[in-house]
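Just so we're on the same page, our numbering is the position in the sequence shown counted from 1, plus 335.
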Amino acid sequence: MKKLPILSVLFCAITLINISCTKDEITTANEAKLRITKIADNQAMENPWYTFEYDAQNLLVKISSEDQYSAIISEITYNVNKRPVKVTTTSYYSGYVEGITVTNIQWTNNGFVISDEDDFFNEQDTYEIDTKGRVLKKINIFTPQGSDPETTVITANWIGDESLNIPEYSSHYKFVKKNNPFSGINLAAVIATELEYGEWEGEFQNNFCISEWNEEGLSAVITYQFNDQNYPFVADIKYTSEEGTMHDYVYFEYESY
């Protein structure tokens with residue numbers, strides 16, 4: 336997905352891992368389920384980075400990102416098994432269509448493959464998943480016209496369930512066992528639509544919130560405030576680099592279903 340000017344992306348290898356968890360671990364039987372509806376940099380949710388829409392089956396079908404001049408609309412198509420198979424992203428500028436990108440998702444026995452139609456480099460990403468629903472490996476293959484394929488393999492080394500190392504990027508992640516804002520959204524849909532928290536794109540977990548990230552020259556510590564159902568409603572992302580420290584504040588809005 337092409338990002339709006341308000342967003343700047345820090346690239347990480349793998350995004351969400353879809354980890355199942357019994358409801359009793361997160362909520363009580365009397366609590367309603369929640370789903371994300373907006374993400375913004377202000378508590379009033381003015382000019383949100385993302386607005387999420389769902390169908391009658393509680394499947395995420397549309398993500399909108401808008402600013403004063405631009406808009407990006409991603410529409411997600413599912414198969415009969417309720418798995419996402421296509422993301423159609425339309426970019427607008429001043430009300431006119433600037434471009435359309437179609438991303439295909441092909442499901443395999445142990446994961447899925449994501450690729451864009453009409454891709455000049457014929458690029459695809461293959462994600463391998465373990466029995467816990469965690470991403471173990473990402474294989475990127477791209478083939479420039481007239482050239483041989485180039486392959487990059489990214490491995491995910493888990494230490495228990497709440498600590499992760501990615502040696503290819505010298506990255507280390509720690510998590511807190513709470514519902515992340517994308518809980519309930521299919522792993523492949525989150526990856527294909529490149530969801531992120533404002534200026535930060537990270538290692539999102541279906542039932543975990545990342546609390547710490549370290550990569551060469553840059554680190555982040557994320558402090559959340561949670562509601563009574565263990566969903567974050569605000570995140571304070573504190574970055575530390577050679578240039579000093581800075582904070583991003585991200586706000587989340589949900590609805591019951």
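Ideal Cβ placement from N, Cα and C applies to all residues, glycine included.
Next on the checklist: Determine whether the beta carbon atoms of S429 and Y404 lie at a separation below 9 Å.
Outcome noted: yes
Next on the checklist: Contact criterion: CB-CB distance below 9 Å. Does L499 meet it with respect to chain D?
Outcome noted: Of the protein chains in this structure there is only one, and it is not chain D.
Checklist entry - Whose CA, out of N562, G434 and A555, lies closest to the CA of G579? => result A555
Checklist entry - Does the region 414 to 422 come within contact of the region 542 to 551, defined as at least 3 CB pairs closer than 8 Å? => result no
Checklist entry - From the DSSP output, which residues share a beta bridge with R370? => result E590
Checklist entry - Quick one: what does DSSP say T357 is sitting in, helix, strand or coil? => result In this predicted model, T357 has a pLDDT of only 37, less than 50, meaning its place in the structure is not dependable enough to derive any value.
Next on the checklist: Can you give me the C-alpha to C-alpha distance between D454 and G495, rounded to a whole angstrom?
Outcome noted: Roughly 38 Å separates the two Cα atoms.
Item to check | Spatially closest choice to Y508 from Q564, T466, L553 and E590, by CA coordinates | outcome: L553
Checklist entry - V585 to S482, Cα distance in whole Å? => result 43 Å
Next on the checklist: Check for me: the beta strand (DSSP E) holding L471 runs from which residue to which?
Outcome noted: V470 to F477
Item to check | Boundaries (first-last residue) of the alpha helix (DSSP H) holding A527 | outcome: L522 to T528
Checklist entry - Which of the three DSSP states, helix, strand or coil, is assigned to P502? => result helix
Item to check | K573 - containing beta strand (DSSP E), residue span | outcome: From DSSP, the beta strand (DSSP E) with K573 extends over P567 to S576.
Checklist entry - Between the beta-carbon of W384 and the beta-carbon of S409, is there less than 9 Å? => result Not in contact: W384 and S409 (Cβ atoms no closer than 9 Å).
Item to check | Exposure of V488, with buried meaning 16 or more beta-carbon neighbours within 10 Å | outcome: exposed
Item to check | Reduced DSSP secondary structure (H/G/I, E/B, other) of W384 | outcome: coil
Checklist entry - Rounded to whole angstroms, how far is the Cβ of N386 from the Cβ of K373, which I believe are closer than 8 Å? => result Checking the sequence, you will find Thr at residue 386 rather than Asn. Contact holds; Cβ gap of about 5 Å.
Next on the checklist: Using 8 Å for Cβ pairs, my map puts F510 next to F477. What's the rounded Cβ distance?
Outcome noted: 30 Å between Cβ atoms; not a contact.
Checklist entry - Who are E463's beta bridge partners in DSSP? => result DSSP, once it has assigned bridges, lists G446 and K472 as partnering E463.
Item to check | Three-state class that DSSP yields for E485 in the structure shown | outcome: strand
Checklist entry - When DSSP builds the beta bridges, which residues end up paired with S405? => result Y428
Next on the checklist: Tell me which residues share the same chain as N414 and place their Cβ nearer than 6 Å to its Cβ, disregarding the 5 neighbours each side in the sequence.
Outcome noted: V420
Checklist entry - Exposed or buried, what is I501 when buried is set at 16 or more other beta-carbons lying within 10 Å of its beta-carbon? => result Buried: at least 16 other Cβ atoms inside 10 Å.
Next on the checklist: Using 8 Å for Cβ pairs, my map puts P567 next to F587. What's the rounded Cβ distance?
Outcome noted: 6 Å
Checklist entry - Which of helix, strand or coil does DSSP assign to L342? => result Unreliable placement is indicated for L342, whose pLDDT of 30 sits below 50; the coordinate value is still reported in the next sentence. Coil.
Checklist entry - What first and last residue would you give for the beta strand (DSSP E) that runs through E547? => result C544 to E550
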